[in-house]
């Protein structure tokens with residue numbers, strides 16, 4: 028099987044490594060618009076060949092859109108249009124049914140993508156997926172084997188995809204050792220706002236707060252311990268990826284930010300009032316997270 | 028040398044392990060008010076013997092207060108009073124000068140402690156220290172060898188301590204492989220508000236935000252990835268330790284919380300206004316944290 032990966036960053040690059048290494052893909056093609064990243068991806072050997080977008084879609088059995096979600100929303104209908112063009116001009120029904128090609132995305136928000144191709148005659152050839160794995164690093168040099176092992180992959184609105192396409196994509200994620208969770212795209216976007224997007228915003232805000240203070244206190248980071256590093260780690264995340272996520276998931280993210288600011292205010296008031304019993308019960312409530320993360 | 032550790036939790040227990048193992052202490056005595064923790068500490072073998080507070084201070088060359096800061100503020104003058112009583116009643120000068128005993132604390136806030144004994148005739152026998160190491164776990168079972176290796180230890184207001192006491196405490200932290208940073212206690216408390224205390228509050232608030240949502244969305248944590256876990260990790264921290272820290276460092280912590288909430292609001296407004304260029308510049312500003320943490 029030929030797999031084409033559009034976007035050779037952390038996620039696309041890591042998929043390329045394991046899909047080839049574990050025998051799912053006999054050939055991995057790559058598309059990368061940034062010339063430095065493209066050259067690096069070829070040099071590192073992430074993909075067998077870097078090709079144009081059109082060539083990639085034409086030659087691949089599965090095309091993976093591993094680009095920022097804003098770009099993916101633009102590319103996805105183009106890929107389905109190319110599938111349609113290849114399948115001839117017989118019209119809606121026949122062409123799509125005989126097409127065996129598949130396109131997936133791996134983006135962190137889903138609703139806008141699914142909406143963008145809802146009425147496309149080749150909609151069935153698209154499977155919306157979100158492998159929940161990553162690090163705070165980006166670019167082809169951040170790609171690593173085993174990134175996805177044991178993590179969850181969300182498959183959204185799978186009833187809109189052709190069953191055979193969902194099956195093949197299931198095999199792809201089996202090879203990556205991911206457990207699949209099926210969910211509608213609206214729920215996905217609410218969930219990720221809570222367990223992923225907000226923690227990026229809180230890390231960015233924390234980094235900004237302490238970096239501001241560094242202007243007056245040059246040595247402030249001498250005192251930073253492992254706890255601070257852990258909490259602020261996501262603030263290293265890439266703007267090209269996160270600007271479109273926060274934009275596409277705007278309403279959900281705003282709701283979570285508002286709840287979060289309320290909780291910060293509760294802490295602030297309890298501390299300001301020297302109300303130790305309220306501070307204690309807020310902390311003990313928060314400690315329930317022990318049940319969730321180890 | 029006999030070292031007495033008051034409070035056999037993560038910090039006290041980890042000090043006990045390495046000071047004995049590395050030969051700095053020939054005997055380690057322990058004090059622990061919680062009977063379960065005391066029994067566990069003896070069973071694990073963290074200390075040679077669990078004794079009473081009075082016996083510990085009487086028999087130890089160095090007493091380490093490794094208890095929550097509110098408790099330490101109460102205990103510290105008691106320890107110096109015991110030193111004075113042992114040194115006889117010759118009054119301020121002679122007794123303190125001839126005393127060789129030392130007490131240190133290892134708490135995360137310093138100003139209240141230093142103030143509490145500022146005029147004590149045996150003030151010179153106290154060295155205010157803050158070894159910047161830890162995990163989100165607590166209790167004697169959280170203690171571990173090597174916890175302090177390579178981390179920073181802050182020594183506060185050392186001009187108020189006897190030079191010989193500062194030297195001996197320096198040797199103790201050398202044995203723990205910590206680099207020492209000297210600072211006044213007021214600056215210490217500002218710095219730790221920024222690089223430690225705020226990240227605990229942001230983690231607590233994040234945990235509360237997502238735990239609230241779990242009431243409606245039972246499976247929300249199925250989607251939590253490594254980034255979320257990292258950001259929320261400190262929310263497992265113990266209330267007994269953190270209530271007094273936030274109380275003692277109240278004014279500094281409130282100032283940081285206010286700055287932090289301002290930054291969250293900036294993000295909120297930029298996202299709400301679909302102002303992608305502002306979101307991008309906030310993220311890129313926050314990315315400067317890469318320079319600090321690896």
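Protein chains in written order, with this note's numbering: chain C, 28 to 321; chain H, 28 to 321. Backbone N, C-alpha and C define an ideal beta-carbon position, used for all residues, glycine too. Keep in mind the model is a prediction, meaning the values are calculated, not measured.
Does the beta-carbon distance from residue i to residue j come in below 8 Å?
i	j	result
residue 233 of chain H	residue 153 of chain C	no
residue 230 of chain H	residue 194 of chain H	no
residue 180 of chain H	residue 210 of chain H	no
residue 73 of chain H	residue 35 of chain H	yes
residue 310 of chain C	residue 222 of chain H	no
residue 90 of chain C	residue 100 of chain C	no
residue 55 of chain H	residue 66 of chain H	no
residue 79 of chain C	residue 30 of chain C	no
residue 316 of chain H	residue 263 of chain C	yes
residue 157 of chain C	residue 196 of chain C	no
residue 290 of chain C	residue 236 of chain H	yes
residue 385 of chain H	residue 283 of chain H	No answer is possible for residue 385 of chain H: it lies beyond the span of chain H, which begins at 28 and ends at 321.
residue 257 of chain H	residue 257 of chain C	yes
residue 172 of chain C	residue 71 of chain C	no
residue 68 of chain C	residue 59 of chain C	yes
residue 275 of chain C	residue 155 of chain C	no
Taking residue i as the query, report the chain H residues whose CB atoms sit under 7 Å from its CB, ordered along the chain.
i	result
residue 156 of chain C	None at all; the shortest Cβ gap to chain H is about 13 Å.
residue 269 of chain C	310
residue 280 of chain C	298
residue 240 of chain C	221
residue 249 of chain C	179, 208
residue 255 of chain C	222, 223, 226
In whole angstroms, give me the CA-to-CA distance for residue i and residue j.
i	j	result
residue 225 of chain H	residue 227 of chain C	16 Å
residue 299 of chain C	residue 281 of chain H	7 Å
residue 93 of chain H	residue 39 of chain H	5 Å
residue 177 of chain C	residue 186 of chain C	25 Å
residue 192 of chain C	residue 127 of chain C	8 Å
residue 272 of chain H	residue 135 of chain H	7 Å
residue 32 of chain H	residue 205 of chain H	18 Å
residue 164 of chain H	residue 169 of chain C	31 Å
residue 215 of chain H	residue 46 of chain C	51 Å
residue 383 of chain H	residue 294 of chain C	The structure shown does not extend to residue 383 of chain H, since chain H spans only 28 to 321, so no value can be given for it.
residue 159 of chain H	residue 174 of chain H	10 Å
residue 303 of chain H	residue 253 of chain C	32 Å
residue 220 of chain C	residue 296 of chain H	17 Å
residue 57 of chain H	residue 144 of chain H	23 Å
residue 305 of chain C	residue 200 of chain H	36 Å
residue 217 of chain C	residue 239 of chain H	14 Å
residue 207 of chain H	residue 188 of chain H	15 Å
List, in order along the chain, the chain H residues whose C-beta lies closer than 9 Å to that of residue i?
i	result
residue 244 of chain C	214, 217, 218, 221
residue 314 of chain C	231, 234, 262, 263, 264, 265, 266
residue 288 of chain C	232, 288, 291, 292, 295
Considering residue i, what are the terminal residues of the alpha helix (DSSP H) in which it resides?
i	result
residue 291 of chain C	277-299
residue 167 of chain C	Taken as a continuous stretch (DSSP letters only), residue 167 of chain C belongs to no alpha helix (DSSP H), as it is neither H nor E.
residue 42 of chain H	37-48
residue 62 of chain C	62-71
residue 193 of chain H	190-202
residue 108 of chain C	96-113
residue 225 of chain C	225-241
residue 144 of chain C	Run containing residue 144 of chain C: none; DSSP gives neither H nor E here.
residue 258 of chain H	253-259
Could you name the residues of chain C that residue i contacts, counting a contact when the two beta carbons are closer than 7 Å?
i	result
residue 2 of chain H	Summary: the structure shown does not reach residue 2 of chain H, with chain H confined to residues 28 through 321, and so no result is reported for it.
residue 237 of chain H	221, 222
residue 159 of chain H	250, 252
Could you spell out where the beta strand (DSSP E) holding residue i opens and where it closes?
i	result
residue 211 of chain H	It is not in any beta strand (DSSP E) - residue 211 of chain H carries neither H nor E in the DSSP assignment.
residue 132 of chain H	129-132
residue 313 of chain C	Not the beta strand (DSSP E): residue 313 of chain C falls in the alpha helix (DSSP H), residues 303-313.
residue 31 of chain C	29-33
residue 126 of chain C	Premise fails: residue 126 of chain C is in no beta strand (DSSP E) and is neither H nor E.
residue 84 of chain H	First-last for residue 84 of chain H: 80-86, but that is the alpha helix (DSSP H), not the beta strand (DSSP E).
residue 153 of chain H	153-158
residue 181 of chain C	179-183
residue 56 of chain C	54-58
What in chain H is Cβ-close to residue i, meaning under 8 Å?
i	result
residue 225 of chain C	233, 236, 237
Whose Cβ in chain C lies nearer than 8 Å to the Cβ of residue i?
i	result
residue 259 of chain H	226, 316, 320
residue 284 of chain H	291, 294, 295, 298
residue 277 of chain H	298, 299, 301
Give the interface partners of residue i over in chain C, defined as CB-CB distance under 9 Å, in chain order.
i	result
residue 306 of chain H	266, 269, 270, 273, 274
Does the stretch 100-113 of chain H touch the stretch 138-158 of chain H, meaning 3 or more C-beta pairs lie closer than 8 Å?
Yes, the stretch 138-158 of chain H touches the stretch 100-113 of chain H.
Counting Cβ pairs, one atom from each stretch, are 3 or more of them under 8 Å apart for the stretch 94-102 of chain H and the stretch 263-275 of chain H?
Using a C-beta cut-off of 8 Å, the stretch 94-102 of chain H makes contact with the stretch 263-275 of chain H, since at least three inter-stretch Cβ pairs fall below that distance.
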